[in-house]
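Per this note's numbering, the sequence shown starts with residue 666, numbered consecutively.
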Amino acid sequence: MRIVNLATAKARLSELIHHAENGEEILITRHGQPVVRLA
């Protein structure tokens, strides 16, 4: 599972979606707390 903060996710959203489409789970956090899981 890849864990990224919200600022990084905003900057690299297309890349993260591509990883999720290929089966990788992505956890997006805000202030250290999980808020979204892409799968």
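Glycine is no exception: its CB is placed at the ideal position from the N, C-alpha and C atoms.
The structure displayed is predicted, hence computed values, not measured ones.
For H696, there is no enclosing alpha helix (DSSP H), since its DSSP letter is neither H nor E. For the pair R695 and L678, the CB atoms are not nearer than the 8 Å cut-off. By the neighbour-count definition (other C-beta atoms within 10 Å, threshold 16), A676 is an exposed residue. Rounded to the nearest angstrom, the gap between the Cα atoms of P699 and I691 is 10 Å.
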